[in-house]
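Undergrad: For the sequence shown, position 281 matches number 281 in UniProt numbering, and the numbering has no gaps at all.
From the three backbone atoms N, C-alpha and C, an ideal C-beta is built for every residue, glycine too.
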Amino acid sequence: MQQNGKSRTILVAGGAGFVGSHLCDALLARGERVLCVDSFITGSAANVRPLANHVGFRLIEIDICDLRNVDEPLDQIYNLACAASPPQYQADPVHTMMTCVAGTGNLLALAEEHNAAFLQASTSEVYGDPAEHPQREDYRGNVSCTGPRACYDEGKRAAEALCFDLLRAGRVDARVARIFNTYGPRMQPHDGRIISNLLVQAISGDPLTIYGSGEQTRSFCFVSDLIAGLMALMNVEPNPQHPVNLGNPGEFTINQLAEMVVAIVPGATQIVYRPLPQDDPQRRRPDIARAKDLLVWEPKIALADGLRQTAAWFVATLGDKQVPGKR
Ligand code: NAD
Ligand code: UDP
Numbered sequence: 001m002q003q004n005g006k007s008r009t010i011l012v013a014g015g016a017g018f019v020g021s022h023l024c025d026a027l028l029a030r031g032e033r034v035l036c037v038d039s040f041i042t043g044s045a046a047n048v049r050p051l052a053n054h055v056g057f058r059l060i061e062i063d064i065c066d067l068r069n070v071d072e073p074l075d076q077i078y079n080l081a082c083a084a085s086p087p088q089y090q091a092d093p094v095h096t097m098m099t100c101v102a103g104t105g106n107l108l109a110l111a112e113e114h115n116a117a118f119l120q121a122s123t124s125e126v127y128g129d130p131a132e133h134p135q136r137e138d139y140r141g142n143v144s145c146t147g148p149r150a151c152y153d154e155g156k157r158a159a160e161a162l163c164f165d166l167l168r169a170g171r172v173d174a175r176v177a178r179i180f181n182t183y184g185p186r187m188q189p190h191d192g193r194i195i196s197n198l199l200v201q202a203i204s205g206d207p208l209t210i211y212g213s214g215e216q217t218r219s220f221c222f223v224s225d226l227i228a229g230l231m232a233l234m235n236v237e238p239n240p241q242h243p244v245n246l247g248n249p250g251e252f253t254i255n256q257l258a259e260m261v262v263a264i265v266p267g268a269t270q271i272v273y274r275p276l277p278q279d280d281p282q283r284r285r286p287d288i289a290r291a292k293d294l295l296v297w298e299p300k301i302a303l304a305d306g307l308r309q310t311a312a313w314f315v316a317t318l319g320d321k322q323v324p325g326k327r
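1. Would you identify the three-state DSSP class for L74, choosing helix, strand or coil?
2. To the nearest angstrom, report how far apart R327 and H190 are at their CA atoms.
3. Helix, strand or coil: how does DSSP classify R308 here?
4. Closer than 7 angstroms to a non-hydrogen atom of the ligand UDP - does that hold for the CB of P277?
5. Does the pairing of the stretch 200 to 209 with the stretch 231 to 247 give three or more beta-carbon distances under 8 angstroms?
6. Would you decide whether D129 is buried or exposed? Buried here means 16 or more other CB atoms lie within 10 Å of its CB.
7. My parser needs the beta strand (DSSP E) runs of 3 or more residues fully inside the stretch 236 to 315; what are they?
8. Expressed to the nearest angstrom, what Euclidean distance is found between the alpha-carbon atoms of G306 and D66?
9. Quick check on A83: does DSSP put it in helix, strand or coil?
10. What are the start and end residues of the alpha helix (DSSP H) that includes R157?
11. Note down the Cα distance separating R284 from D173, rounded to an integer number of angstroms.
12. Flag P86 as yes when its Cβ comes closer than 7 angstroms to any non-hydrogen atom of the ligand UDP, and as no otherwise.
13. What distance in whole Å lies between the Cβ atoms of I194 and R218, which are believed to be in contact at a cut-off of 8 angstroms?
14. Express the C-alpha separation of L80 and Q188 in angstroms, rounding to a whole number.
15. Hey, would you say M97 sits closer than 8 angstroms to G147, going by beta carbons?
16. Assign E61 to one of three DSSP states: helix, strand, or coil.
17. Count Cβ pairs between the stretch 288 to 303 and the stretch 241 to 259 that sit closer than 8 angstroms; are there 3 or more?
18. Considering Cα atoms alone, identify which of R68, A161, A302 and Q88 is closest to S122.
19. Whose C-beta lies closer than 6 angstroms to the C-beta of G192 among residues of the same chain, with five residues either side of it excluded?
20. Compute the Euclidean distance between the alpha carbons of D153 and L318, then round it to the nearest angstrom.
21. Quick check: what's the CA-CA separation for L119 versus Q256?
22. Would you decide whether Q241 is buried or exposed? Buried here means 16 or more other CB atoms lie within 10 Å of its CB.
23. Mind the definition here: the stretch 14 to 23 touches the stretch 42 to 60 only if three or more C-beta pairs lie below 8 angstroms; say whether that holds.
24. Give me the Cα-Cα distance between Q90 and C82, rounded to the nearest whole angstrom.
25. So, is D225 buried or exposed, given that buried needs 16 or more other C-beta atoms within 10 angstroms?
26. Have a look at L294, K292, A311 and N197 and flag the residue whose alpha-carbon is nearest the alpha-carbon of I271.
27. In terms of residues, what are the limits of the alpha helix (DSSP H) holding L198?
28. How many whole angstroms separate the CB atoms of L230 and A311, which I take to be in contact at a CB cut-off of 8 angstroms?
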């Protein structure tokens, strides 16, 4: 990945989060220098602690809404800074919106100043509760701009608009990845997302919570597959000029997912049904033809294998049946 044998400096905003910390690992493993920027609002120091003594790694603790400059030249910027789980991004919705708009604006200004390529972590949530299935990048979505998910969905849509305005103006080499539900080791145990909830509940011997009928669907991508896709999108030439879906097209109902968790984690049996949250999308599956074509990328890890790895990580991290801070 290095250019002409020279390592590059790559800013990873949100680098102490679940996805961001895996990206920092992968970039360092390729010999790049990493400047991790994070406020720790949902990230964890533990995710980047093993990197603290790495000669190529530096951490700046700051909110991207307040980030105006950095003191070294930058070659690339990945913007992953944003709470991603619905309970977390809804906890302070105004801050989520400002992170997406003002924070992304600050990082784009840095990209322009440093002539650095820029990759925005957008989301399948820009399609809202989709009326088209599977979702292709040219589908414009079905999003409520006034509902409880709007701070995230509309914030991410606005961030995409900023990226494409600056790209069209020739000011920033901006790329946009629309990431579908991603899971794996280092998810926070209590972030409220479906895979962390089900696995932690199963390991703790608690009932598995399913919201609504459980017949809603999602498509789950293992984190190593996503990281490969993000790096491919950042480095592909020429700039694709359009958003690119990154996700695993395997589609599962939440009931099917719960059955898989029951099969993987010994002792997990009981399921309880809870009300479906407002504006919860009914179906979601990426069309990844564009990523296959432009990036020669597709996911490799099957859901059952990824779930086993993630369950093993939760067990090792939290201690079998001993889940601290359990809610
Ligand atoms: P995460 O919450 O684990 O990581 C987000 C990181 O950003 C955290 O370390 C957090 O502290 C940091 N952060 C948040 N707001 C910040 C701010 N204003 N300033 C500085 N740092 C801030 O979430 P994740 O799952 O790793 O998601 C990473 C990115 O990928 C997010 O932008 C998210 O929208 C996007 N994404 C993730 C998924 C998924 O399923 N994981 C799906 C679609 C999109
Ligand atoms: N969900 C569930 N039980 C939980 C957590 C989530 O049934 O304990 C459902 C949620 O309502 C949604 C799906 O699982 O239909 C995926 O939820 P998640 O929050 O992981 O992601 P998103 O809704 O953002 O895709």
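TA: On the basis of the data shown:
1. L74 falls in the coil class under three-state DSSP.
2. Note that R327 has pLDDT 30, beneath the 50 cutoff, so the model's placement of it is unreliable and no number is given.
3. If DSSP states are grouped into helix, strand and coil, R308 belongs with the helices.
4. Yes, the beta carbon of P277 sits closer than 7 angstroms to at least one heavy atom of the ligand UDP.
5. Between the stretch 200 to 209 and the stretch 231 to 247, the count of Cβ pairs shorter than 8 angstroms is below three; the stretches do not touch.
6. Buried.
7. Complete beta strand (DSSP E) runs here, min 3: 244 to 246 and 271 to 274.
8. Each residue's CA atom was taken as its position, placing G306 and D66 some 36 angstroms apart.
9. Coil at A83, not helix or strand.
10. First-last of the alpha helix (DSSP H) with R157: A150 to R168.
11. One C-alpha to the other measures close to 29 angstroms.
12. Result yes, Cβ under 7 angstroms from the ligand UDP.
13. Right, the Cβ-Cβ distance comes to about 7 angstroms (below 8 angstroms), so this counts as a contact.
14. Their backbone Cα atoms lie some 16 angstroms apart in a straight line.
15. With contacts defined as CB atoms closer than 8 angstroms, M97 and G147 fail to qualify as a contacting pair.
16. DSSP places E61 within a strand segment (E or B) once states are collapsed to three.
17. Touching, yes.
18. When only C-alpha atoms are compared, the closest one is A161.
19. Residues S85 and P87 of the same chain have their beta carbon placed closer than 6 angstroms to that of G192, with the five preceding and five following residues left out of the count.
20. The alpha-carbon atoms of D153 and L318 are separated by roughly 32 angstroms.
21. It is roughly 33 angstroms from the alpha-carbon of L119 to the alpha-carbon of Q256.
22. By the neighbour-count rule (16 or more Cβ atoms within 10 Å), Q241 is not buried but exposed.
23. With the cut-off at 8 angstroms, the stretch 14 to 23 and the stretch 42 to 60 touch.
24. Approximately 11 angstroms, taken between the alpha carbons.
25. Result: buried.
26. The residue with the shortest Cα to Cα distance from I271 is N197.
27. Here the alpha helix (DSSP H) through L198 covers I194 to S204.
28. At roughly 24 angstroms, the Cβ-Cβ gap does not stay under 8 angstroms, so L230 and A311 are not in contact.
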